[in-house]
Amino acid sequence: MLDPRLILFFAAVLFSAGVYGVLSRRHLIMLLMSLELMLNAINIMLVTFSRYWAGRSAGLVGAHSGQFFTLMVMAVAAAEVGIGLAIIVAIYRRKHTADADAMTDLKN
Amino acid sequence: MGLLFLASAAVALIGTVLLITQKNAVYALLGLLIAFGASAGVFLSLDAPFIAVSQILIYAGALAVMFLFVLMFTDTRTEEDTGLPAAVGARPDFDPKAFGNKKKKKKKVDEPSNLLAGIVLPKPMAVVVSLSMLVCISFAIIKLPVSYSNFGELPTVESAQVAAGESKPNYDTGLTYRVYEGNSFEEVPRHVKFGSTEAVSFTIFEGFPLAFEVVSLLIFAAVLGAVLLARRHLTGIPGTQDVVQELDKEQDHA
Numbered sequence: 322m323l324d325p326r327l328i329l330f331f332a333a334v335l336f337s338a339g340v341y342g343v344l345s346r347r348h349l350i351m352l353l354m355s356l357e358l359m360l361n362a363i364n365i366m367l368v369t370f371s372r373y374w375a376g377r378s379a380g381l382v383g384a385h386s387g388q389f390f391t392l393m394v395m396a397v398a399a400a401e402v403g404i405g406l407a408i409i410v411a412i413y414r415r416k417h418t419a420d421a422d423a424m425t426d427l428k429n
Numbered sequence: 027m028g029l030l031f032l033a034s035a036a037v038a039l040i041g042t043v044l045l046i047t048q049k050n051a052v053y054a055l056l057g058l059l060i061a062f063g064a065s066a067g068v069f070l071s072l073d074a075p076f077i078a079v080s081q082i083l084i085y086a087g088a089l090a091v092m093f094l095f096v097l098m099f100t101d102t103r104t105e106e107d108t109g110l111p112a113a114v115g116a117r118p119d120f121d122p123k124a125f126g127n128k129k130k131k132k133k134k135v136d137e138p139s140n141l142l143a144g145i146v147l148p149k150p151m152a153v154v155v156s157l158s159m160l161v162c163i164s165f166a167i168i169k170l171p172v173s174y175s176n177f178g179e180l181p182t183v184e185s186a187q188v189a190a191g192e193s194k195p196n197y198d199t200g201l202t203y204r205v206y207e208g209n210s211f212e213e214v215p216r217h218v219k220f221g222s223t224e225a226v227s228f229t230i231f232e233g234f235p236l237a238f239e240v241v242s243l244l245i246f247a248a249v250l251g252a253v254l255l256a257r258r259h260l261t262g263i264p265g266t267q268d269v270v271q272e273l274d275k276e277q278d279h280a
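Protein chains in written order, with the numbering used here: chain A, 322 to 429; chain B, 27 to 280.
Listed below in structure tokens is the structure:
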């Protein structure tokens with residue numbers, strides 16, 4: 322039988338990799354991609370807890386609420402990427418670059 | 027179950043490494059795609075087939091294509107690639123070939139398909155921060171109660187409708203459906219399996235209908251916002267205002 326903590330640790334590794342990607346990359350699209358990886362790691366954690374509570378005699382709605390939250394996170398992630406990419410396209414039209422270090426309009 | 031998880035997790039980690047190390051944004055997107063697809067395998071190993079299919083449809087299908095389109099629209103070079111300050115690189119007439127980093131370009135032409143050639147060097151502070159975050163989360167996982175050492179068996183309900191050789195359903199929805207038998211309708215209880223589409227939809231519409239409706243509003247607003255932000259700006263049409271152009275004008279005056 323699989324250990325839930327192993328899956329949680331795997332999700333934590335994915336999350337940290339996403340954090341590393343957000344911190345180390347400078348291109349705006351790469352930042353968004355790493356953000357998606359972090360959301361995906363959280364989804365894995367939610368589904369793990371969902372399966373855990375299903376094995377602890379939670380009711381039908383209770384056991385599936387983790388999967389429901391995962392669907393909500395997917396919807397929010399899709400909305401976020403849609404808006405984020407639109408913002409990146411608008412920024413690129415204006416500044417002709419998508420480098421995060423070039424976004425210094427609010428400096429000084 | 028265990029083997030499926032281990033295989034998927036290994037593939038997902040390979041994809042993640044590809045994502046965070048590749049300089050070429052398309053290769054990085056490929057890594058993200060691999061990680062998402064392998065995550066669907068992890069969901070399958072956790073008895074969540076509906077989530078697994080949604081993952082492939084939404085993340086690997088829709089999001090990846092959207093990323094690819096925007097990668098096509100934008101210049102993926104950053105300051106490191108061009109070796110010039112961002113302000114110079116931001117000029118529309120900027121041509122990196124004129125600034126003598128031909129060595130790097132040549133290298134890419136020589137080994138276009140070699141993934142090892144396009145690795146970004148790790149940033150020390152980012153490594154420190156993400157590793158310390160991993161340590162913190164791992165500490166929380168280690169501190170979980172002992173009951174988290176196994177998943178436990180799924181509950182089962184006795185059901186007359188199960189064919190021979192099929193596994194028993196896990197939950198009784200409390201609903202019934204009608205079966206025409208002989209000359210009359212018979213009420214049959216609705217039993218569902220854990221993680222099936224039926225069970226998830228029952229959870230959505232019996233457990234969280236308001237959240238479901240609100241998230242549809244959110245997506246509607248996001249679609250409108252994305253269209254408004256990214257559309258080609260129309261000029262000269264009375265009654266319309268071009269925000270980006272107005273901002274540009276202000277910058278020119280300053």
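No residue lacks a Cβ here, since even glycine has one placed at the ideal position from N, Cα and C.
Got a sec, what are the start and stop residues for the alpha helix (DSSP H) residue i sits in?
i                : result
Thr42 (chain B)  : 28-47
Phe389 (chain A) : 381-416
Thr223 (chain B) : 223-228
Thr237 (chain B) : Looking at the sequence itself, residue 237 (chain B) is Ala, so the reference to Thr does not match. Residues 235-256.
Leu97 (chain B)  : 90-99
Kindly indicate which three-state DSSP category residue i falls into: helix, strand or coil?
i                : result
Gly342 (chain A) : helix
Arg216 (chain B) : strand
Asp324 (chain A) : coil
His348 (chain A) : strand
Asp274 (chain B) : helix
Asp422 (chain A) : helix
Ala186 (chain B) : coil
Gly376 (chain A) : coil
Asn176 (chain B) : coil
Phe330 (chain A) : helix
Pro75 (chain B)  : helix
Leu427 (chain A) : coil
Glu357 (chain A) : helix
Pro171 (chain B) : coil
Glu232 (chain B) : helix
Pro150 (chain B) : helix
Val135 (chain B) : Any reading at Val135 (chain B) must be qualified, since the residue scores a pLDDT of 42, below 50, and its modelled position is unreliable; no value is offered.
Strictly below 8 Å CB to CB, what residues from chain A border residue i?
i                : result
Ile245 (chain B) : Ala396, Ala399, Ala400
Val96 (chain B)  : Ile350, Leu406, Ile409, Val410
Val241 (chain B) : Met393, Ala396, Val397
Asp101 (chain B) : Tyr413, His417, Thr418, Ala419
Leu45 (chain B)  : Ala338, Gly342, Met354, Ser355, Leu358
Tyr85 (chain B)  : Glu357, Asn361, Met395, Ala398
Leu58 (chain B)  : Met354, Glu357, Leu358
Ser164 (chain B) : Phe330, Ala333
Asp73 (chain B)  : Arg372, Ala375
Pro215 (chain B) : Correct list: empty, because the minimum Cβ distance to chain A is about 13 Å.
Leu201 (chain B) : Within 8 Å Cβ-Cβ: nothing; Leu201 (chain B) doesn't reach chain A, min ~11 Å.
Pro235 (chain B) : Per Cβ cutoff of 8 Å: no residues; Pro235 (chain B) is ~11 Å from chain A at best.
Return the bridge partner residues of residue i from the DSSP annotation.
i                : result
Arg204 (chain B) : B:Glu213
Tyr197 (chain B) : B:Val218
Ile145 (chain B) : B:Gln48
Determine the chain B residues that contact residue i at a beta-carbon separation under 8 Å, and present them in chain order.
i                : result
Leu344 (chain A) : Lys149, Met151, Ala152, Val155, Ser156
Leu356 (chain A) : None at all; the shortest Cβ gap to chain B is about 11 Å.
Name the chain A residues whose beta carbon is nearer than 7 Å to that of residue i?
i                : result
Ala256 (chain B) : Ala407, Val410, Ala411
Tyr197 (chain B) : Leu381
Leu160 (chain B) : Ala333, Val334, Ser337
Under 9 Å between beta-carbons, which chain A residues line up against residue i? List them in chain order, please.
i                : result
Val249 (chain B) : Ala400, Gly403
Ile231 (chain B) : Note on identity: in this sequence residue 231 (chain B) is Phe, with Ile being the wrong assignment. None at all; the shortest Cβ gap to chain A is about 10 Å.
Gln174 (chain B) : This sequence places Tyr at residue 174 (chain B); Gln is not what is there. Correct list: Asp324, Pro325, Arg326, Leu329, Tyr373.
Val226 (chain B) : His385, Gln388, Phe389, Leu392
Gly144 (chain B) : Simply none; closest approach about 13 Å.
Starting from the beta carbon of residue i, find every residue of chain B whose beta carbon is closer than 7 Å, and list them in chain order.
i                : result
Ile365 (chain A) : Ser65, Val68
Leu323 (chain A) : Met27, Gly28, Phe31, Phe177
Leu329 (chain A) : Ile167
Check the Cβ of residue i against every Cβ in chain D and list those closer than 7 Å, keeping chain order.
i               : result
Ser80 (chain B) : Among the chains of the structure shown, chain D does not appear; the protein chains present are A and B.
Query raised in the report: Between the stretch 218-230 of chain B and the stretch 374-388 of chain A, do three or more beta carbon pairs fall short of 8 Å?
Result: Inter-segment contact for the stretch 218-230 of chain B and the stretch 374-388 of chain A is present: three or more beta-carbon pairs are separated by less than 8 Å.
Query raised in the report: Per the contact definition of three or more C-beta pairs closer than 8 Å, is the stretch 64-77 of chain B in contact with the stretch 210-222 of chain B?
Result: The stretch 210-222 of chain B is in contact with the stretch 64-77 of chain B.
**Report entry** Contact between the stretch 145-153 of chain B and the stretch 335-344 of chain A (3+ Cβ pairs under 8 Å)
**Finding:** With the cut-off at 8 Å, the stretch 145-153 of chain B and the stretch 335-344 of chain A touch.
Query - Cβ contact check for the stretch 344-360 of chain A and the stretch 196-214 of chain B: 3 or more pairs under 8 Å - result: Short answer: they don't touch.
**Report entry** Cβ pair count under 8 Å reaching 3, the stretch 401-418 of chain A against the stretch 322-329 of chain A
**Finding:** The answer is no - the stretch 322-329 of chain A does not touch the stretch 401-418 of chain A, with fewer than three Cβ pairs under 8 Å.
Requested in this report: Would you be able to state if there are at least three C-beta pairs under 8 Å between the stretch 79-86 of chain B and the stretch 369-376 of chain A?
Outcome: At 8 Å Cβ cutoff, the stretches do not touch.
Report task. State whether the stretch 87-97 of chain B contacts the stretch 397-404 of chain A, with contact taken as three or more CB pairs (one from each stretch) at a distance under 8 Å. Result -> Yes, they touch.
Query raised in the report: Would you call the stretch 62-72 of chain B and the stretch 33-53 of chain B touching, i.e. three or more CB-CB distances under 8 Å?
Result: Counting Cβ pairs under 8 Å, three or more are found: they touch.
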